[in-house]
Amino acid sequence: MSDLPYLTGYPADLVDRVRHLMAQGRIGPWLESRYPDRHAIQTDKALYQYVSELKQRYLKNTSALAKVYFDNRQNPIKGTLGTNTFVSRPQGGKLKSKNEIRIAALFRAAPEAFLKMIVIHELAHLKEKEHNKSFYQLCCHMDPLYHQWEFDMRVWLTWREQTSLHHTDGQ
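Here the sequence shown is numbered in full-length UniProt numbering, starting from 1 and rising by one per residue.
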C-alpha cells in the first residue's frame, strides 16, 4: 500500500478502487464533481474567524483560542495537516492557558469540506486529546460527514501528490 500512503488502513477493496480510478485518470474529475467549489478563506484573520464560529457553535465551554493560522511548515507527507497546541504558563498568581491551531497552508486551495474537516479535527482536540472513540464521536457531532470528508481529503492529497509528480517528471 506504500504507493497510496494517505490511504493506509482503509479496506483493500476501497483502496483498489481508488488505485483503479487513478490509473484511468478519473480521480481529478471525480473530486471536481464532488467538490466543485473552493472556499474564500485565504488569510489568517479569515481562518481565525471561521474556526471561532465553529468553536462557538459546538464547543462554547472550551478554552479560548489565542491564535489560528495557516502554516507553511505543516507537511502532509510527514502526517501533519494541522496541529493544536496547548500551553499553560504561570502569569502573576494565576495559571494562564493558551491554545493555538495551525492548519497546513495547502488547505487554502482545498474544497471547503476538507478545510472544515481539518478544523473540526483540531477543535475536537480542545476536549479530547487522544484519537479515541469519544474524539471521533465529537467530530461526527460537529459534522456527520466527517469520516467521508476525511477519506475524500486523503484521496485528494493522493491525487495532488500524483499530479505534482507527473508535472515534475515533465509528463
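We put the CB at the ideal spot given by N, CA and C, even for glycine. Quick caveat: nothing in here was measured; it's all calculated off a predicted structure.
Pick from the options that is closest to residue i, judged by C-alpha positions
{"i": "residue 111", "options": "21, 33, 122", "result": "33"}
{"i": "residue 9", "options": "151, 44, 142", "result": "151"}
{"i": "residue 105", "options": "146, 68, 59", "result": "68"}
Whole-number beta carbon distance between residue j and residue i, since they are thought to touch under 8 Å
{"i": "residue 15", "j": "residue 7", "result": "5 Å"}
{"i": "residue 109", "j": "residue 149", "result": "Their Cβ separation, rounded to whole angstroms, is 16 Å, which puts residue 109 and residue 149 out of contact at 8 Å."}
Buried versus exposed call for residue i [16 or more other C-beta atoms within 10 Å across all chains shown]
{"i": "residue 55", "result": "buried"}
{"i": "residue 158", "result": "buried"}
{"i": "residue 82", "result": "buried"}
{"i": "residue 99", "result": "buried"}
{"i": "residue 145", "result": "exposed"}
Segment limits, beta strand (DSSP E) that includes residue i
{"i": "residue 16", "result": "No beta strand (DSSP E) holds residue 16; the alpha helix (DSSP H) holding it covers 12–23."}
{"i": "residue 99", "result": "94–104"}
{"i": "residue 40", "result": "Looking at the DSSP string, residue 40 is not in any beta strand (DSSP E), and its letter there is neither H nor E."}
{"i": "residue 70", "result": "65–71"}
Extent of the continuous alpha helix (DSSP H) run through residue i
{"i": "residue 57", "result": "44–58"}
{"i": "residue 112", "result": "112–124"}
{"i": "residue 33", "result": "27–34"}
{"i": "residue 136", "result": "133–142"}
Euclidean distance between Cα positions of residue i and residue j
{"i": "residue 94", "j": "residue 63", "result": "15 Å"}
{"i": "residue 143", "j": "residue 91", "result": "37 Å"}
{"i": "residue 66", "j": "residue 13", "result": "43 Å"}
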